[in-house]
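The sequence shown runs 1354 to 1592 under my numbering.
C-beta: ideal position from N, C-alpha, C; glycine also.
Nothing here was measured: the structure is a model prediction, and the numbers come from that model.
Below is one structure, written out as structure tokens; comments come after it.
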Amino acid sequence: MKNQFADALATLASMVSITRENLIEPLEIEIAKGPAHCNAIEATEAKPWYEDIKNFLQTGQYPPFANRRNRKTLRCLAIYYFLSGEILYRRSFDSTLLRCIDEHESWRLMEEMHGGNCGLHMNGLMLAKKIMRLGYYWSTMETDCVKYVRHSHRCQVYADQIKAPPNELRPMTAPWPFSMWGMDVIGPINPKASNMHLFILVAIDYFTKWIEAITLASVTAKAVARFLKCDVIARYGVP
1354 MKNQFADALA
1364 TLASMVSITR
1374 ENLIEPLEIE
1384 IAKGPAHCNA
1394 IEATEAKPWY
1404 EDIKNFLQTG
1414 QYPPFANRRN
1424 RKTLRCLAIY
1434 YFLSGEILYR
1444 RSFDSTLLRC
1454 IDEHESWRLM
1464 EEMHGGNCGL
1474 HMNGLMLAKK
1484 IMRLGYYWST
1494 METDCVKYVR
1504 HSHRCQVYAD
1514 QIKAPPNELR
1524 PMTAPWPFSM
1534 WGMDVIGPIN
1544 PKASNMHLFI
1554 LVAIDYFTKW
1564 IEAITLASVT
1574 AKAVARFLKC
1584 DVIARYGVP
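Written out as structure tokens, the structure reads:
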């Protein structure tokens, strides 16, 4: 029975005549491998914020169309900057050189310092201070850090510390000697000191572990301020 159906189908196929005019050409479909863009906007390459200061330190020339007031402002700003080769540094209040970075590098730095492997999701001002301690600077860093933290999704979700996800505790490291200090008060001690004082005020440098300590009869804000001024800032500079 199966052979009869097969023979019938073969016979019908041989009876059909197909001419060249009846041939259907296959449709060829090409796939475009190039990317497609819709409403794409390219960013314009702008000069970094320190371009005028860098050119002034290199050549001593002012930017075009600068009036007398702009030239005076540029000369005052250039005092705080130092050029080493092609790299521009800014002198901080403690004479530390901070490398000036552009907008693209500052964005990557905020992203890594705030939410990267070493990020602690601190607030904007603390983020700016941490970046300065690591030796980087740009003119609008505090404003940019505050805006970046406000737009951080994780900070919005985990603003309450009770809901913060668990993170590993990392030790605080100072970038250079006498840049970070820790303070504590010990007491009342028994027996008393030779000068009949009951408390010990201790300050320790995080980098060198150097200790400065004095004894106090009572812990007051005036005594602590005098200790910081005379025993820490006067000897080692502002932390």
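Can you tell which of the options has the C-alpha that lies nearest to the C-alpha of residue i?
{"i": "residue 1327", "options": "1541, 1445, 1424 and 1459", "result": "The structure shown does not extend to residue 1327, since the chain spans only 1354 to 1592, so no value can be given for it."}
{"i": "residue 1402", "options": "1456, 1583, 1497 and 1528", "result": "1456"}
{"i": "residue 1410", "options": "1418, 1430 and 1417", "result": "1430"}
{"i": "residue 1483", "options": "1363, 1528 and 1360", "result": "1528"}
{"i": "residue 1556", "options": "1585, 1574, 1478 and 1549", "result": "1585"}
{"i": "residue 1465", "options": "1439, 1505, 1447 and 1424", "result": "1505"}
{"i": "residue 1500", "options": "1450, 1479 and 1432", "result": "1479"}
{"i": "residue 1509", "options": "1549, 1481, 1468 and 1490", "result": "1468"}
{"i": "residue 1454", "options": "1359, 1363, 1487 and 1413", "result": "1487"}
Below 8 Å between beta carbons: does that hold for residue i and residue j?
{"i": "residue 1546", "j": "residue 1568", "result": "yes"}
{"i": "residue 1580", "j": "residue 1551", "result": "no"}
{"i": "residue 1427", "j": "residue 1407", "result": "no"}
{"i": "residue 1543", "j": "residue 1502", "result": "no"}
{"i": "residue 1459", "j": "residue 1497", "result": "yes"}
{"i": "residue 1440", "j": "residue 1424", "result": "no"}
Have a look at residue i and residue j and give me their C-alpha separation to the nearest angstrom.
{"i": "residue 1540", "j": "residue 1590", "result": "28 Å"}
{"i": "residue 1420", "j": "residue 1463", "result": "35 Å"}
{"i": "residue 1390", "j": "residue 1530", "result": "Because residue 1390 sits at a pLDDT of 49, beneath the cut-off of 50, its placement in the model cannot be relied upon, and the following sentence gives the value as read from the coordinates. Distance between the alpha carbons of residue 1390 and residue 1530: 52 Å."}
{"i": "residue 1492", "j": "residue 1442", "result": "12 Å"}
{"i": "residue 1570", "j": "residue 1562", "result": "26 Å"}
{"i": "residue 1537", "j": "residue 1566", "result": "10 Å"}
{"i": "residue 1558", "j": "residue 1592", "result": "10 Å"}
{"i": "residue 1532", "j": "residue 1564", "result": "14 Å"}
{"i": "residue 1461", "j": "residue 1572", "result": "44 Å"}
{"i": "residue 1400", "j": "residue 1507", "result": "32 Å"}
{"i": "residue 1526", "j": "residue 1560", "result": "7 Å"}
{"i": "residue 1577", "j": "residue 1495", "result": "29 Å"}
{"i": "residue 1397", "j": "residue 1575", "result": "Here residue 1397 scores only 49 on pLDDT, less than 50, and its place in the model should not be relied on; the value that follows carries that caveat. Distance between the alpha carbons of residue 1397 and residue 1575 is about 55 Å."}
{"i": "residue 1535", "j": "residue 1416", "result": "46 Å"}
{"i": "residue 1392", "j": "residue 1413", "result": "With a pLDDT of 47 at residue 1392, under the threshold of 50, the modelled position of that residue is not reliable, and no figure is offered here."}
Can you pull the DSSP bridge partners for residue i?
{"i": "residue 1572", "result": "Residue 1572 is not bridged to any residue."}
{"i": "residue 1566", "result": "1555"}
{"i": "residue 1480", "result": "Paired residues: none, contrary to the question."}
{"i": "residue 1434", "result": "1443"}
{"i": "residue 1542", "result": "DSSP, once it has assigned bridges, lists no residue as partnering residue 1542."}
{"i": "residue 1534", "result": "1558"}
{"i": "residue 1453", "result": "1490"}
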